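The structure appears below as structure tokens.
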Amino acid sequence: MLYIFDLGNVIVDIDFRRVLGAWSDLGRVPLATLQSRFHMGEPFFQHERGEISDEQFAAQMCEQLDIALGFEQFAVGWQAVFVGVRPEVIAIMHKLREQGDRVVILSNTNRLHCEFWPTEYPEVKNAADKIYLSQEMGLRKPDPEIYQRLLNEEEASVQDAIFFDDNLENIEAARALGIHSVHVTDASVVPAFFSDRK
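Each step along the sequence shown adds one to the number in this note's numbering, with nothing skipped, and position 155 is 421.
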């Protein structure tokens with residue numbers, strides 16, 4: 267079986283409120299003001315597909331938020347999104363691999379974050395057979411092509427795959443291709459899924 271895990275809020279807890287909080291402190295702009303201005307628009311998606319540089323993304327986000335931050339300040343805030351790893355999911359991933367299943371990660375992410383979490387959470391990489399990253403593939407979920415390319419590379423059929431993601435749009439796109447997909451709404455979902463399958 268091929269198990270496909272998203273990273274954020276599936277294996278590692280993330281919280282964008284922490285990013286805005288850090289930027290608010292660094293830029294001396296009220297948090298409520300940043301919250302009202304922040305949205306994940308086209309620069310966000312271009313960054314995740316690897317189409318613009320970290321510096322270009324930072325400049326565009328600072329313009330959107332109307333905040334004066336140096337690149338290093340921006341990066342410090344951007345990395346604040348990571349809260350901590352979910353050890354119970356790491357344990358499940360290891361168990362799946364031990365029983366002969368294939369375990370991969372499919373993440374919409376960006377170069378800045380990939381400079382941070384692999385060293386901060388080395389146990390994530392150690393729990394996966396392969397990591398598929400949007401900025402390296404030039405595609406991002408929910409584009410159907412990203413799932414198809416992963417299946418092709420893994421030489422797996424949709425019937426042999428199970429996908430876990432916290433974003434309903436990503437789940438629905440995978441389901442439309444016939445992939446068994448589990449919407450991870452909180453930290454209990456993945457452990458409960460596997461306990462029910464014993």
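C-beta: ideal position from N, C-alpha, C; glycine also.
Model, not experiment: these values are computed from the prediction.
If you check the beta carbons only, do residue i and residue j fall under 7 Å apart?
i	j	result
F382	I280	no
R368	L268	yes
V285	A346	yes
H313	F304	no
F429	I445	yes
V370	K396	yes
S373	L434	no
Q378	A334	At residue 378 the sequence reads Leu, which differs from the Gln that was named. The answer is no: Cβ separation not under 7 Å.
A288	G343	yes
L292	Q326	no
Y387	L416	no
Would you decide whether residue i is buried or exposed? Buried here means 16 or more other CB atoms lie within 10 Å of its CB.
i	result
F337	exposed
A439	buried
S447	buried
L297	exposed
M306	exposed
D431	buried
T375	buried
R315	buried
A427	buried
I'd like to confirm the pairing. Which residues does DSSP put opposite residue i in its beta bridges?
i	result
Y269	V369, I428
V278	G274, V351
Unbroken stretches of the beta strand (DSSP E), 3 residues or longer, contained in the segment 290-364: 348-351
Report the start-end ranges of each beta strand (DSSP E) in the segment 389-453 that is 3 residues or longer and not cut off at the edges. 396-399, 427-431, 446-449
Tell me, please, whether the segment 403-410 touches the segment 418-425 by the rule of three or more beta-carbon pairs shorter than 8 Å. no
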